[in-house]
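J.:
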Amino acid sequence: MTQRHPPASGAVARPQGLYNRAILLQAGRDAVRKLDPRVQVRNPVMFVVLVGTLVTLFEALAHPSLFAWSITVWLALTVLFANFAEAVAEGRGRSQADALRRTRTETEARVLSTDGTETRRSAAELTRGQLVVCEAGDVIPSDGEVVEGVASVDESAITGESAPVIRESGGDRSAVTGGTVVRSDRIVVRITAEPGQTFLDRMIRLVEGAQRQRTPNEIALSILLAALTLIFLPVVVVLPMFAVYAHARVSVVVLVGLLVCLIPTTIGALLSAIGIAGMDRLVQRNVLAMSGRAVEAAGDVSTLLLDKTGTITLGNRMASAFLPLSGRPAEELAAAAQLASLADETPEGRSIVVLAKEQYGLRSRDLGEDHVFIPFSAQTRMSGLDVDGRRLRKGAAEAVRHWVTEQGGSIPAEFDEVVSRVARSGSTPLVVADGEQLLGVVELKDVVKQGIAERFAQLRAMGIRTVMITGDNPLTAAAIAAEAGVDDYLAEATPEAKLALIVEEQRNGKLVAMTGDGTNDAPALAQADVGVAMNTGTNAAKEAGNMVDLDSNPTKLIDIVEIGKQLLITRGSLTTFSIANDVAKYFAIIPALFVSTYPQLQALNVMRLHSPTSAVLSAVIFNAIIIVALIPLALRGVRFRPRSAAAILRRNVWVYGVGGLLAPFVGIKLIDLLLTVTRLS
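In the numbering used here, the protein residues as written are 102 to 782.
(1) Which of the three DSSP states, helix, strand or coil, is assigned to residue 191?
(2) Beta strand (DSSP E) containing residue 367: first to last residue?
(3) Quick test of the definition: if touching needs 3 or more C-beta pairs under 8 angstroms, does the segment 175 to 189 touch the segment 717 to 730?
(4) Would you please state the rounded distance, in angstroms, between the beta carbons of residue 679 and residue 761? I believe it to be under 8 angstroms.
(5) Which parts of the segment 677 to 726 are runs of the beta strand (DSSP E), unbroken and 3 residues or longer, counting only runs that do not cross its ends?
(6) List in chain order: all unbroken beta strand (DSSP E) runs of 3+ residues lying wholly within the segment 548 to 628.
(7) Any idea if residue 159 is buried or exposed, counting beta-carbon neighbours within 10 angstroms, 16 or more meaning buried?
(8) Find out if the Cβ-Cβ distance for the pair residue 149, residue 330 is shorter than 8 angstroms.
(9) Determine the extent of the alpha helix (DSSP H) in which residue 255 is found, giving its start and end residues.
(10) Inspect the CB distances between the segment 160 to 168 and the segment 371 to 384 and report whether three or more fall short of 8 angstroms.
(11) So is residue 813 buried or exposed if we call it buried at 16+ other beta carbons inside 10 Å?
(12) List in chain order: all unbroken alpha helix (DSSP H) runs of 4+ residues lying wholly within the segment 113 to 187.
(13) At which residues does the beta strand (DSSP E) containing residue 238 begin and terminate?
(14) Would residue 453 and residue 735 qualify as a contact pair, given that the criterion is a beta-carbon distance under 8 angstroms?
(15) Would you identify the three-state DSSP class for residue 487, choosing helix, strand or coil?
(16) Looking at the unbroken alpha helix (DSSP H) that takes in residue 458, where does it start and where does it end?
(17) If you count every other CB in all the chains shown that lies within 10 Å of the CB of residue 654, and 16 or more means buried, which is it?
(18) Please name the residue, chosen from 495, 491, 407, that lies closest to residue 485 on a Cα-to-Cα basis.
(19) When you compare only the Cα positions, how much space is there between residue 406 and residue 604?
(20) In this structure, how does DSSP classify residue 296 when only helix, strand and coil are distinguished?
(21) Indicate the three-state DSSP secondary structure (helix, strand or coil) for residue 409 in the structure shown.
(22) If the criterion is Cβ atoms closer than 8 angstroms, does the pair residue 459 and residue 545 meet it?
(23) Where does the unbroken beta strand (DSSP E) through residue 475 begin, and where does it stop?
(24) Helix or strand or just coil, what does DSSP make of residue 512?
(25) Going by the beta-carbon positions, is the gap between residue 646 and residue 633 smaller than 8 angstroms?
(26) What do you reckon, are the CB atoms on residue 610 and residue 594 nearer than 8 angstroms?
(27) Since residue 689 and residue 765 should fall inside the 8 angstroms C-beta cutoff, what is the C-beta to C-beta distance between them, to a whole number of angstroms?
(28) Would you please state the rounded distance, in angstroms, between the beta carbons of residue 256 and residue 288? I believe it to be under 8 angstroms.
(29) Please state whether DSSP places residue 492 in a helix, a strand or coil.
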């Protein structure tokens with residue numbers, strides 16, 4: 102395979118800073134383009150502001166005045182600022198997509214024919230089902246599955262992880278991604294994606310937001326904002342009749358300015374930017390969300406299903422003790438276990454050899470050619486070694502018990518008690534036998550990750566129930582669950598059991614999240630409200646889930662939930678702030694407009710604004726400026742702290758509700774003073 106351009110290295114692109122010059126300039130141009138009414142009509146609140154701007158423009162042209170032109174300019178700026186907020190969020194996504202495009206390479210694939218011959222073809226011409234050959238130094242031309250061989254693959258251009266990973270045919274480590282680089286050996290890959298439909302292509306489109314659809318939560322909020330807008334329309338329309346009755350005059354410009362100030366323009370302007378920024382934050386964590394719906398669902402999750410191995414524990418069970426049976430010497434057990442493990446390349450097998458050497462000084466020996474290694478299998482649940490007439494076996498308690506019984510041996514009385522004691526401690530009992538003799542138990546420990554119990558406590562404080570999923574026996578599962586601090590566990594889990602658990606939780610009205618990487622996880626990932634597939638997993642798992650973790654770190658599910666909650670909290674906080682703003686602006690403008698006719702309103706005219714026109718203009722200016730001031734908060738998100746829903750609501754009311762009430766009083770008064778000093782009103 103010919104590599105024409107070297108692949109870029111580094112993680113998925115991090116967004117540029119909020120004040121990146123290139124992004125801001127492009128956002129400014131995009132903000133003007135978005136003035137197209139066909140674009141604005143998708144946001145009812147800002148569409149009303151745009152229509153109001155056109156009305157005041159016609160009025161300013163028909164009856165020119167400084168006040169009319171000032172209102173027109175600031176209403177136009179209000180629409181532009183809203184467009185600018187959305188454009189900045191989109192621009193940050195485009196910068197990520199551009200960096201992803203740079204990870205692409207122009208390659209020629211070595212297509213393998215049915216007769217074994219190879220032909221070179223452009224990667225863009227590859228179709229689903231074709232076989233390609235990749236050797237050390239080659240760029241994998243498209244997404245696929247390894248069907249022959251094993252190789253070390255550098256995925257840093259996609260995931261940012263510098264250490265190469267092993268990809269091999271069969272199992273859950275066969276999927277490869279286009280644009281990654283083979284570092285060693287030779288593999289044959291079956292292409293699983295059509296041109297333009299690769300994982301990288303989908304990632305670019307999603308990051309750019311080209312396919313971003315509004316989520317149900319966002320649609321519901323848009324309907325609420327539109328309803329509030331419609332409520333204020335008749336209120337404003339009847340004001341001229343009220344003014345005639347009161348022998349006062351209210352111009353069209355004042356009415357439009359009043360309407361814009363009373364409708365929820367702040368959240369209407371920032372709503373889209375908040376959603377886009379939420380997906381961007383996931384990409385920053387190297388997680389690809391297939392839809393905004395998945396991000397929101399993560400924020401509402403009430404049950405988390407986490408795999409034990411690699412998520413709650415470190416993943417590698419290590420030998421920690423030799424426990425002999427029937428008064429046999431521990432050294433005899435250690436020697437037999439070590440001999441049975443010499444040809445075993447698993448972490449457990451290596452750890453037994455190391456422990457035997459450390460505790461009893463037993464050194465490994467050359468087995469020569471006169472031996473037969475029995476690998477572990479799911480059917481036998483044992484491994485072992487036949488050498489020098491001895492038949493050594495080690496494995497699950499029931500499997501070895503059955504083996505010994507078949508050989509004509511007997512089971513020591515204390516066997517069940519020792520096995521149960523090891524299991525209750527959270528360790529895994531590995532039973533060792535020499536032919537018909539049951540020698541003892543090797544205790545294997547899978548260490549619970551440091552700090553994981555604290556993370557689960559935080560989730561519990563947020564009202565989220567955690568469930569550990571494991572293939573261990575119930576005793577081992579119970580011990581590890583207690584040490585890790587999870588709320589519940591599912592032992593001896595099968596694909597059917599995982600799926601049934603998710604369905605049961607959903608029947609009880611709960612949203613469920615889970616992680617998985619294997620084909621056997623695909624049904625549960627598809628059923629879960631938030632299904633996070635590991636990038637190192639099979640294509641079936643990645644297609645079933647609605648998120649893909651490029652780092653293949655199962656613990657990231659906790660971070661995903663936090664990002665989802667941050668999105669919802671940010672939206673709720675700014676909605677609270679916006680509605681509180683509207684209430685404050687109402688008390689700023691209405692008393693100032695009619696206080697001369699109805700002196701009784703003086704009690705409500707707490708701001709003592711200079712004049713009715715100054716009150717309206719000051720409120721319109723504040724209404725525009727506050728959008729710009731809140732753009733960084735909308736893009737960064739409100740800081741998330743693990744709290745209950747009630748605590749979050751109280752914080753929203755006090756910080757953003759009270760803050761939203763006070764900010765207009767201060768801001769509008771300062772603007773009014775400035776207008777008065779400069780004689781612009």
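C-beta: ideal position from N, C-alpha, C; glycine also.
For clarity, every value in this text was computed on a predicted model and none was experimentally measured.
T.: A quick look at the data gives this:
(1) helix
(2) From DSSP, residue 367 is part of no beta strand (DSSP E) but of the alpha helix (DSSP H) over 366 to 385.
(3) yes
(4) 7 angstroms
(5) Correct list: empty.
(6) 566 to 570, 589 to 591, 613 to 617
(7) exposed
(8) yes
(9) Taken as a continuous stretch (DSSP letters only), residue 255 belongs to no alpha helix (DSSP H), being part of the beta strand (DSSP E) at 245 to 255.
(10) no
(11) Not covered by the structure: residue 813. The range shown for the chain is 102 to 782.
(12) 122 to 134, 138 to 141, 145 to 163
(13) Premise fails: residue 238 is in no beta strand (DSSP E) and is neither H nor E.
(14) no
(15) strand
(16) 448 to 461
(17) buried
(18) The residue with the shortest Cα to Cα distance from residue 485 is 495.
(19) Straight-line Cα distance between these residues: approximately 12 angstroms.
(20) Looking at residue 296 - three-state DSSP - the assignment turns out to be coil, as it is neither helix nor strand.
(21) When secondary structure is reduced to three states using DSSP, residue 409 falls in the coil class, being assigned neither helix nor strand.
(22) no
(23) 472 to 475
(24) coil
(25) Yes.
(26) no
(27) 6 angstroms
(28) Not confirmed; about 14 angstroms, so no contact.
(29) strand
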